[in-house]
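In our numbering, the protein residues as written are 1 to 938. Glycine is no exception: its CB is placed at the ideal position from the N, C-alpha and C atoms. For clarity, every value in this text was computed on a predicted model and none was experimentally measured. Right, one structure below, let's go through it.
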């Protein structure tokens, strides 16, 4: 396939060079996108002034250019233009299934028209023709003599400038509107609109706290005006700001209160829209069940009121909720059914095409080729009916990408069909002066040249795309072009300065660090496609930094920082919130507080395993291992054998392979530094196996070292437990509730004995058992006093899916999202960041009967996430289903040693594991190895 693409590009290039006599004829009547673009300096000036029209070609071209005047530069640019029709060939970024434009304003932002000219501008805004609307509004402002009307015009102007990506200019305009209103008679409706728009602009600038404040003011004004619908929609905007700030609990609380308010309203189309928007907001917050419920309510109201368009929109939202990247076949069929219903219900092309495009995508994924081939011509004809605007451009690009996917299986549709679609889209983007769309097209065109190995052109186009995206602060696409530039820079050059490539990747990394939480908070698809759209940037940068056989200390430190950032990004992506806490660097802890510990960072790259070692008060060490077998193969086999009683030889054989990768090269250094405790910062599949089970040919790692896992390069400030003061809250559940949702969990015969053994060790234990272990009772007991340890002897599951991470209580599931609320001190009446600072910190959370769901390495995020949500310094959990009987002596040994002088949590765990290992009944790793300590080890 790649060869055919390359041949096609070369053929086209040959045609352009040999067929110059045809160019003047083609050029004269060519659409604007094929004509000579202005220089970048002109483009920059146009953006700065915001009023200049795009120029399409020089005067000589307008008067009929002759062949001899067609310069090489112009020929190259014409080639760019013609090849732009192939932008989506080999596009690496699939368009997400979306119901709205990529760049959207807040839910309440809408234009207010008070004159015929403003009405025209409003219609232009609604159709996505923002540059034209700006021009009209600027004229209307100059013509207006009424101050309040001027404020309205300025607020509308800010809306359009925002959509064009001119955020700073929009902010200046809205401040001017505020200044006018401050010197005029009171006008609450205009004030409400202005504060609403101001909130949108502040969120776009990354000022979430300021946006929250502006929207609070807008809500208050809307409520005074008795405009309940706008008040509710503005509060939904507030929820997005709360999520961006990482205030997940406040966000859910706000959204739930809005549900109550909405239920009281009589049925109306506005209520249907509010339920739909609330459902979509809950979906972003991760509350899928409530999201679906509200979307269904929106649908029912729309059906009751017989509003075809609202019915179609509700079905579209339900389809988007059902579909995520990597969905199961069943989920895809469910989403497809919703989209098909949306198509049937739609009465206009504007509402029908998004659903049809989503149908086409799923038909292709499900390989229902006859249906897909029948649908695309219908979509193509429908797109022609769309009004000029951004939605039309995105629809055409989306269709072209779908058609390209079809061409991987069939000769039709042909390249000319795809080219024609994209040619129109490019023309419209330039006509509308839509910088974001132009950047997207140029960037993908650069990728096309990248894959055809025409490196200089690819670099030029990618640079142009990057400059455009940066000019409108579109960081969410800028990082893609920085990443692409890094891939291109050294290609086709006999000698290359690697620092230039590292710099490009560093820029992409920095951009991602700034926008990662925004991506996670506002794009459901990013949450599920993190490995494809974000993670490769981190990994390639680490790869580049460590390529030298002897990397500098600076590069080693930077590589560690990037890996930590990746670990934090994964955790935040899992939790869908920021992780705010006071932490200490691991280096500082082992240099000053615990000089018997070393940190091992294992990094899996495409062709090797990189390991960085940090010893107390020593420089970083580094070594790389090119495994003879695939890492994933060995680790997966080891994981399976670890759970098979009797598989000693198999476990030791593969355990030794992993030992040789990670530990054998540094055995001498560990011995010289008198290391007793190993802290692992693991990567990828290595997270699914317990490091304690590694084997050196004579003994397991746990027989020599205490072992723990860290989430990154930082830990909560470690505090050694004082046995005389330890207070434990224990909760146990012998018989899980008999409902369908928990039918897979068996009776735990030994959990009662487990807690009794803890009490026999002499520690202070407060115990909730069986039917008393409800969420309400647990919450009450937890917040009755300061507990150091919380021990949960009940079934639970750690899943790669946050919604399926929970522990079982007598009244159902206690989900990970509830941990944040339960582990807050109810006596504290703080909010926002103050509440987080006054969180009662649990030193140790023990989950003695919980397990990972399938052994997927992502499921370790469930353990880490539970630890974070509980506010615990550390947690002990299991990587697979524990033996109920073996857990009793293990727990007894662990609590016998916990908090004893000079015995850390990690050492207490090691001693408990060793006790089982020495017992012939439990000496197989299946019994003692699954326990892992995550977080602080002291």
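DSSP places residue 420 in the uninterrupted alpha helix (DSSP H) bounded by 415-431. In this structure, residue 930 lies away from residue 873, with their beta-carbon atoms at least 7 Å apart. In this structure, residue 810 keeps its C-beta atom at 7 Å or more from the C-beta atom of residue 787. At the C-beta level, residue 314 and residue 328 stay beyond 7 Å of one another. Cβ contact annotation for residue 157 (same chain, cutoff 6 Å, sequence separation greater than five): 137 and 173, in chain order.
Comparing C-alpha distances from residue 397 to each of 642, 428, 481 and 924 shows the shortest one belongs to 428. DSSP, reduced to helix, strand and coil, places residue 509 within a helical segment of the structure shown.
Burial check for residue 381: the Cβ neighbour count within 10 Å stays below 16, so the residue is exposed. Listed in chain order, the alpha helix (DSSP H) elements of length 4 or more contained wholly in the region 534-586 are 535-545 and 553-575. CA-to-CA, the gap between residue 311 and residue 271 works out to about 13 Å.
Counting the other CB atoms within 10 Å of its CB gives residue 585 a total below 16, which places it among the exposed residues. Residue 906 places its beta carbon 7 Å or farther from that of residue 928. In this structure residue 896 is buried. Its beta-carbon is surrounded by 16 or more other beta-carbon atoms within 10 angstroms. Judged by DSSP in its simplified three-state form, residue 880 adopts coil rather than helix or strand. With respect to the C-alpha of residue 369, the residue from 300, 882 and 408 having the closest C-alpha is 408.
In the three-state reduction of the DSSP assignment, residue 900 falls in the coil class.
If you check the CB distance, residue 775 and residue 748 do not come in under 7 Å. A residue is called buried when at least 16 other Cβ atoms come within 10 angstroms of its Cβ; residue 169 meets this threshold and is buried. DSSP lists 598 and 707 as the bridge partner or partners of residue 678.
Taking C-alpha positions only, residue 730 is separated from residue 794 by approximately 10 Å.
Excluding the 5 residues flanking it on each side, residue 488 has same chain C-beta neighbours closer than 7 Å at 450, 455, 458, 459 and 462, in chain order. Non-local C-beta neighbours of residue 491 in its own chain, meaning closer than 6 Å and more than five positions away in sequence, comprise 455, ordered along the chain.
Collapsing the DSSP output to three states places residue 851 in a strand. Taken through DSSP and simplified to helix, strand or coil, residue 891 comes out as helix. Comparing C-alpha distances from residue 849 to each of 885, 820 and 867 shows the shortest one belongs to 885. Judged by DSSP in its simplified three-state form, residue 183 adopts coil rather than helix or strand. Counting along the chain, the unbroken beta strand (DSSP E) around residue 793 starts and ends at 789-798. Nearest Cα to residue 796 within the set 806, 789 and 802: 806. DSSP lists 603 and 624 as the beta-bridge partner residues of residue 610. For residue 769, no alpha helix (DSSP H) segment is defined; the enclosing uninterrupted segment is the beta strand (DSSP E) at 764-769.
In the DSSP assignment, residue 338 falls within the alpha helix (DSSP H) that extends over 329-345.
Collapsing the DSSP output to three states places residue 655 in a helix. Per the coordinates, the alpha-carbon of residue 770 lies some 14 Å from the alpha-carbon of residue 746. Contact between the region 737-746 and the region 586-604 is absent: fewer than three C-beta pairs spanning the two stretches fall below 8 Å. Two segments are said to touch when three or more pairs of C-beta atoms, one from each, lie closer than 8 Å; by this definition the region 598-615 touches the region 675-689. Counting along the chain, residue 782 sits inside no beta strand (DSSP E); it lies in the alpha helix (DSSP H) bounded by residues 775-782.
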